[in-house]
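Chemist: Quick one: structure below, then a few questions.
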Amino acid sequence: MTAMQNRVAIVGVGYSETGRMLPFSDDQLVTQAVAAALDDAGLKQGDVDGISTTGGVSMSIGSLLGILPLNWFFTSSLYGPSFAETAVMAMDAIASGSCHTALALRVIRQPRAGDHPIAAITAGGPADGPTRVGGQQQWTAPFGGSLPAAFIGGLQMQRYMSEFGAKEEDFARHAVVQRGHAMRNPEALFREPLDVDEYLASRYVSKPVRLLDCDYPVDSASAVIFTTPERARECRKPAVLVDSWAMSAVADIDMALLDDFTSNAIGHCSDTLWSRTDLRPADVDCAGLYDGFSIITFEWLDALGFCGRGEAPQFINDGHTGPGGSLPTNTDGGACNVGRRHGANFCIESVRQLRGECGERQVPEAEVAVWSNATGSFAGAAILTVDR
Numbered sequence: 001m002t003a004m005q006n007r008v009a010i011v012g013v014g015y016s017e018t019g020r021m022l023p024f025s026d027d028q029l030v031t032q033a034v035a036a037a038l039d040d041a042g043l044k045q046g047d048v049d050g051i052s053t054t055g056g057v058s059m060s061i062g063s064l065l066g067i068l069p070l071n072w073f074f075t076s077s078l079y080g081p082s083f084a085e086t087a088v089m090a091m092d093a094i095a096s097g098s099c100h101t102a103l104a105l106r107v108i109r110q111p112r113a114g115d116h117p118i119a120a121i122t123a124g125g126p127a128d129g130p131t132r133v134g135g136q137q138q139w140t141a142p143f144g145g146s147l148p149a150a151f152i153g154g155l156q157m158q159r160y161m162s163e164f165g166a167k168e169e170d171f172a173r174h175a176v177v178q179r180g181h182a183m184r185n186p187e188a189l190f191r192e193p194l195d196v197d198e199y200l201a202s203r204y205v206s207k208p209v210r211l212l213d214c215d216y217p218v219d220s221a222s223a224v225i226f227t228t229p230e231r232a233r234e235c236r237k238p239a240v241l242v243d244s245w246a247m248s249a250v251a252d253i254d255m256a257l258l259d260d261f262t263s264n265a266i267g268h269c270s271d272t273l274w275s276r277t278d279l280r281p282a283d284v285d286c287a288g289l290y291d292g293f294s295i296i297t298f299e300w301l302d303a304l305g306f307c308g309r310g311e312a313p314q315f316i317n318d319g320h321t322g323p324g325g326s327l328p329t330n331t332d333g334g335a336c337n338v339g340r341r342h343g344a345n346f347c348i349e350s351v352r353q354l355r356g357e358c359g360e361r362q363v364p365e366a367e368v369a370v371w372s373n374a375t376g377s378f379a380g381a382a383i384l385t386v387d388r
């Protein structure tokens, strides 16, 4: 047993209402998600003494939720696929004794005009006058590399195809498998059948990335409650233990100067994750692997050791990630089908699988799950197990 094992448990998970352009503020969405997670755990506000937040959650969230005073609080300005950061900080706080029960929160809303620079372009048209960039972006933004579909999805997918011989049809088959999972999930936003020809007919966003390779923008908040195993066993649902967790950073967040676009922080994070557990890839029953762009799931499959490097296309084509496969992956349908939650859905779906709550999409006798988040310059992941 390693020093991390069995020191943290998950006892509650919850989502807010989810949809496009909902009439709710960030804080209202967070309040909905927290209420759902507390009910899931059978806890009250007063049982929580720590909050971990990032991206859109206000500093006053403790007061708004009626959760004060707090023994521990963390907030990050990091925007993007950053739920892993929020979760890892909460897990560290529990393991260190800084608090005994912590909420990890993530909220995301579709851009409205005036929210931030990208929103000004998306919703209100380009601003008058010159736009200035610095740092590594000076080498990418002037050439169209300012949006994630280009500098993350496009560059990584193109490099993966060039280095390992992957074809667009491989990504098409992955999208079909993901949709197959989503069709079994009543919470998924896309549940219609999808075939390879439909994928190949979808438009390019940043070649070779197609629209169906991208997570679906929504308004949504997610909440996960972490606590000690001892407290977890007194909660409403069966405890899910965190066997191992890791978070890595290997480059500037702009990613422009990464030495390796097909492994990046994912490779370092995966190595660290396995070094902190006695479990091995063959022990994992199901996985939730981040898919802000579909290429990222391929990278995680390779890096976590479920297949050899560059072998994710064949692993998927052989049926391993689909229903009934050796490693059902993204069983909720992934963010491309349930909506962009910047990684939180993979944690929540993993918890639900280990509790046996997933109905038609349930992985039989699931006892070990891996979930992951992010790519490029930073990445995070965790291994979850049932409380044996």
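By full-length UniProt numbering, the letter at position 374 of the sequence shown is numbered 374, and the numbering carries on one by one without gaps.
Ideal Cβ placement from N, Cα and C applies to all residues, glycine included.
Please read these numbers as outputs of a predicted model, since none were measured by experiment.
(1) Would you report the Cα separation of residue 122 and residue 282, rounded to the nearest angstrom?
(2) State buried or exposed for residue 274, treating a residue as buried only when at least 16 other CB atoms are found within 10 Å of its CB.
(3) Going by DSSP, which residues form a beta bridge with residue 219?
(4) State the Cα-Cα distance for the pair residue 74 and residue 51, rounded to the nearest angstrom.
(5) At what residues does the beta strand (DSSP E) containing residue 247 begin and finish?
(6) For the structure I just gave you, are there three or more beta carbon pairs, one from the segment 365 to 380 and one from the segment 222 to 231, closer than 8 Å?
(7) Where do the N-terminal and C-terminal ends of the beta strand (DSSP E) with residue 90 fall, by residue?
(8) One question on the structure: do residue 276 and residue 246 come within less than 8 Å of each other, judged by their Cβ atoms?
(9) Cβ of residue 221 within 8 Å of Cβ of residue 37?
(10) Quick one: what does DSSP say residue 204 is sitting in, helix, strand or coil?
(11) Return the chain-ordered list of same chain residues with a C-beta closer than 6 Å to the C-beta of residue 298, the five sequence neighbours on each side being excluded.
(12) How long is the line joining the alpha carbons of residue 107 and residue 30, rounded to whole angstroms?
(13) Just confirm the distance between the C-beta atoms of residue 303 and residue 82, as a whole number of angstroms; I'd bet it's less than 8 Å.
(14) Roughly how many angstroms separate the alpha carbons of residue 461 and residue 210, rounded to a whole number?
(15) Would you mind sorting residue 148 into buried or exposed? The rule is 16 or more other CB atoms within 10 Å of its CB.
(16) Across the segment 99 to 106 and the segment 338 to 345, are there enough close Cβ pairs to call them in contact, namely three or more that are closer than 8 Å?
(17) If you draw a straight line from the alpha carbon of residue 158 to that of residue 62, how long is it in whole angstroms?
(18) For residue 372, which beta-bridge partners are listed by DSSP?
(19) I need the boundaries of the alpha helix (DSSP H) containing residue 162, first residue and last residue.
Modeler: For this structure:
(1) Position 122 of the sequence shown, counted from the start, is the residue given in the question as residue 122. Position 282 of the sequence shown, counted from the start, is the residue given in the question as residue 282. Residue placement at residue 122 is poorly supported in this model, since its pLDDT is 44, which falls under 50; the coordinates still yield a value, given next. C-alpha separation (whole angstroms): 44 Å.
(2) To locate residue 274, count along the sequence shown from 1; it is residue 274. Residue 274 comes out buried.
(3) As a working note, residue 219 is residue 219 in the sequence shown. The partner list for residue 219 (beta bridge, DSSP) reads 19.
(4) What you label residue 74 is simply residue 74 of the sequence shown in a count that begins at 1. What you label residue 51 is simply residue 51 of the sequence shown in a count that begins at 1. Their Cα atoms are separated by approximately 6 Å.
(5) Stepping through the sequence shown from its first residue, residue 247 is reached at position 247. Taken as a continuous stretch (DSSP letters only), the beta strand (DSSP E) holding residue 247 covers 240 to 249.
(6) no
(7) Numbered from 1 along the sequence shown, position 90 holds the residue referred to as residue 90. Not the beta strand (DSSP E): residue 90 falls in the alpha helix (DSSP H), residues 83 to 96.
(8) If you number the sequence shown from 1, residue 276 lands on position 276. If you number the sequence shown from 1, residue 246 lands on position 246. Against a cut-off of 8 Å, the Cβ pair of residue 246 and residue 276 comes out as a contact.
(9) Stepping through the sequence shown from its first residue, residue 221 is reached at position 221. Stepping through the sequence shown from its first residue, residue 37 is reached at position 37. Against a cut-off of 8 Å, the Cβ pair of residue 37 and residue 221 comes out as no contact.
(10) As a first step, residue 204 must be located in the sequence shown, where it is residue number 204. Residue 204: strand per DSSP, three-state reduction.
(11) Along the sequence shown, read from residue 1 onward, the residue named residue 298 stands at position 298. The residues are 312.
(12) Locating residue 107 in the sequence shown gives position 107, where the first residue counts as 1. Locating residue 30 in the sequence shown gives position 30, where the first residue counts as 1. Distance between the alpha carbons of residue 107 and residue 30 is about 6 Å.
(13) Your numbering for residue 303 matches position 303 in the sequence shown. Your numbering for residue 82 matches position 82 in the sequence shown. 19 Å between Cβ atoms; not a contact.
(14) What is shown of the chain runs 1 to 388, which leaves residue 461 out entirely.
(15) Position 148 of the sequence shown, counted from the start, is the residue given in the question as residue 148. So residue 148 counts as buried.
(16) yes
(17) Your numbering for residue 158 matches position 158 in the sequence shown. Your numbering for residue 62 matches position 62 in the sequence shown. One C-alpha to the other measures close to 44 Å.
(18) What you label residue 372 is simply residue 372 of the sequence shown in a count that begins at 1. Bridge partners of residue 372: 381.
(19) As a first step, residue 162 must be located in the sequence shown, where it is residue number 162. Here the alpha helix (DSSP H) through residue 162 covers 155 to 164.
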